[in-house]
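Visitor: Residue numbers (UniProt numbering): 1 to 579.
So, in structure tokens, the structure goes:
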């Protein structure tokens, strides 16, 4: 009897409905939660930008009826054609300058027997920690009509003119190229570092001189990587804001990004519809360029050569030309780092912005530094920036850690999550600022102008950067470790916490430091979203420059750059160790 009852109970239990397998799978729930989070973070900004561009905006900022007037105005305005032309010229020649300075130095440092290689790395790392606005301000002083470079030119030639008119397209190109050359150096260094020296030596033994070897062997082997990097720098120059705002706008040179900025900041009430249409067009342009960048990046290994695991290429013997290479690296150090830092130090020690004259030395003091250290305003700028950068970096790294694993291991839904996390890459900074401005104005929660608004926008903006670190890191870890954890009884979440996270920690720390560094320099997004109580360093520096407070800007910038440079050295150490 008891046995019969037991059998009946077993049958009943067997026939009882059970939860679907999917609902009991932690990976499914992880994918679902991440999908919801990414959809909430990424999709509203795209949707509202498109909606605003094809709808009438009422005086109270509410939506009206459908219209194509914003796009009609965009395509029929003469100034748009001029801005587009200026953007293309600015981006093309800035890319050329960046590749010449950064690419040449990368090859000399990684492939030759020249000295002073640490000087090149020091130049790059300190530049990485220096805010863009500070760097641009230094060059505006150096190349200004009363600046030291034009002073020396007039002294030598006896002319009353200037060598360089900094508020011109040439000045814009030169400064933007200088800004991007450190990144070009870092990215091309890894390409030249693993190049096979046998091909270069074979060329030399065949009678080729140094320059023929460089052009016919070194550059052509690295050509896919160089082209991909050139397109990447071109895209970033198209969406650049700091140089066009500080150099182009005062000089009467408009580009696409400054047109979008002025349609929001210099129009009362803000022309949201036209700004949205402008942003959508810019979004499409950048998206197309990124598509071709992806195609080029896939061919980056086209001319790779097979080497051993511990292979280290032999340095290229420059012979009598070594002093030329060393002079170029020293010149690069002086031009890109020493001169701007000396210019900032001069401004910081003066009571107001003034040219370098013998009579000005008696007015030097540490008053600006004292003001910076005693002012609550500068303290708040630093605290807000560090807090927002830390929140954005942490959130981006945590989200992309899980997305990178799901995508790299081809889990269901992983590809969709990867695409959602990568989507913000097509947003120029100023366009993302416009999109989130309209999102925050549309939600019932009063978030616009707060620190949380900036933290959310920064997190979304830098998701693609965190994903590249985590995705590449997961691919380097063999899946058998995960399988072994599963055999031992560990679930997916336990495995991620106990195995993947510790193994990926170098990549995750590097990602956090990199995102933090670039977030603390962000101006385009912050210029549109920061409120009176949520000012950050980049916006504060821009306001100081516009208001003519060059001394306080330089003093505050030098202190801030020193702190960020320390973090940049930590980032470089982690990245180098990981490599």
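Even glycine gets a Cβ: it sits at the ideal position worked out from N, Cα and C.
Keep in mind that this is a model prediction, so the values were computed, not measured.
Find the nearest neighbour of residue 316 within the set 562, 199, 382, judged by alpha-carbon distance.
Guide: 199
Visitor: State the CB to CB distance for the pair residue 86 and residue 330, rounded to an integer number of angstroms; the pair is presumed to be in contact (CB under 8 Å).
Guide: Contact flag wrong, Cβ pair sits at about 34 Å.
Visitor: Considering only the alpha carbon of each residue, which of 140, 498, 129 lies closest to residue 250?
Guide: Per the Cα distances, 140.
Visitor: Less than 8 Å separating the beta-carbons of residue 545 and residue 264?
Guide: no
Visitor: I need the boundaries of the beta strand (DSSP E) containing residue 63, first residue and last residue.
Guide: 63-66
Visitor: Output yes or no for whether 8 Å exceeds the beta carbon distance between residue 340 and residue 465.
Guide: For the pair residue 340 and residue 465, the CB atoms are not nearer than the 8 Å cut-off.
Visitor: Can you look up residue 164 in the DSSP assignment and give me helix, strand or coil?
Guide: coil
Visitor: Enumerate in chain order the residues of its own chain whose CB-to-CB distance from residue 148 is below 8 Å, with the five nearest sequence positions on each side excluded.
Guide: 142, 343, 355, 356
Visitor: Please report the straight-line C-alpha distance between residue 538 and residue 191, rounded to a whole angstrom.
Guide: 32 Å
Visitor: Please classify residue 22: does DSSP put it in a helix, a strand, or coil?
Guide: Caution is warranted here: a pLDDT of 49 is assigned to residue 22, below 50, making its placement in the model unreliable, and no coordinate value can be reported.
Visitor: How is residue 77 classed by DSSP in three states: helix, strand or coil?
Guide: coil
Visitor: Decide if residue 291 is buried, meaning its Cβ has at least 16 other Cβ atoms within 10 Å, or exposed.
Guide: exposed
Visitor: Which of helix, strand or coil does DSSP assign to residue 353?
Guide: coil
Visitor: Count the other C-beta atoms from every protein chain shown that fall within 10 angstroms of the C-beta of residue 158, then say buried if there are 16 or more, exposed otherwise.
Guide: exposed
Visitor: Pop quiz: residue 172 and residue 244 are said to be a contact at Cβ under 8 Å. What is the actual Cβ separation, rounded to whole angstroms?
Guide: That pair is a contact at about 7 Å.
Visitor: Near residue 83, which residues of its chain fall below 7 Å by C-beta distance, leaving aside the five closest residues on each side in sequence?
Guide: 254, 255, 256, 259
Visitor: Does the Cβ of residue 362 lie closer than 7 Å to at least one heavy atom of the ligand PLP?
Guide: Here there are no bound small molecules, and the ligand PLP is not part of this structure.
Visitor: Would you mind stating whether residue 294 and residue 553 have Cβ atoms separated by less than 8 Å?
Guide: No, the pair does not count as a contact, with Cβ atoms beyond the cut-off.
Visitor: Confirm, please, whether the CB-CB distance from residue 501 to residue 469 is below 8 Å.
Guide: no
Visitor: Enumerate in chain order the residues of its own chain whose CB-to-CB distance from residue 474 is below 6 Å, with the five nearest sequence positions on each side excluded.
Guide: 404, 405, 408
Visitor: Taking the straight line between their C-alpha atoms, what separation do you get for residue 477 and residue 503?
Guide: 8 Å
Visitor: Grab me the residues of residue 319's own chain with a C-beta within less than 6 Å of its C-beta, minus the 5 sequence neighbours each way, in chain order.
Guide: none
Visitor: Would you call residue 12 buried or exposed, if buried means 16 or more other Cβ atoms sit within 10 Å of its Cβ?
Guide: Any reading at residue 12 is ruled out, since the residue's pLDDT is 43, under 50, leaving its predicted position unreliable.
Visitor: Could you compute how far the alpha carbon of residue 333 sits from the alpha carbon of residue 99?
Guide: When only Cα atoms are considered, residue 333 and residue 99 end up about 16 Å apart.
Visitor: Which word fits residue 150, buried or exposed, when buried means at least 16 other C-beta atoms lie within 10 angstroms of its C-beta?
Guide: buried
Visitor: Under 8 Å, do residue 525 and residue 457 count as touching if we go by C-beta distance?
Guide: yes
Visitor: Tell me which residues share the same chain as residue 582 and place their Cβ nearer than 8 Å to its Cβ, disregarding the 5 neighbours each side in the sequence.
Guide: The structure shown does not extend to residue 582, since the chain spans only 1 to 579, so no value can be given for it.
Visitor: With a threshold of 6 Å on Cβ separation, who are the neighbours of residue 453 within its own chain once the five nearest residues in sequence on each side are excluded?
Guide: Counting only Cβ-Cβ distances below 6 Å, and skipping sequence neighbours, we find 440, 447, 529.
Visitor: Note the first and the last residue of the continuous beta strand (DSSP E) segment covering residue 130.
Guide: No beta strand (DSSP E) contains residue 130, which DSSP labels as neither H nor E.
Visitor: For residue 350 and residue 266, I'd like the C-alpha separation in whole angstroms.
Guide: 32 Å
Visitor: Excluding sequence positions up to five away, which residues of its chain have a Cβ less than 6 Å from the Cβ of residue 53?
Guide: 70, 276, 277, 280
Visitor: Could you give the C-beta distance for residue 389 and residue 565, rounded to a whole number, given that I count them as a contact under 8 Å?
Guide: No, residue 389 and residue 565 are not in contact; Cβ-Cβ is about 15 Å, not under 8 Å.
Visitor: Look at the alpha carbon of residue 442 and the alpha carbon of residue 49, and state the distance between them as a whole number of angstroms.
Guide: Rounded to whole angstroms, the gap between the alpha carbons of residue 442 and residue 49 is 12 Å.
Visitor: Starting from residue 56, trace the beta strand (DSSP E) in both directions and tell me its first and last residue.
Guide: 55-57
Visitor: Please identify the residue among 44, 39, 28, 35 whose C-alpha is closest to the C-alpha of residue 436.
Guide: 44
Visitor: The alpha helix (DSSP H) spanning residue 597 covers which residue range?
Guide: Coverage of the chain is limited to positions 1 through 579, which leaves residue 597 absent and any answer about it impossible.
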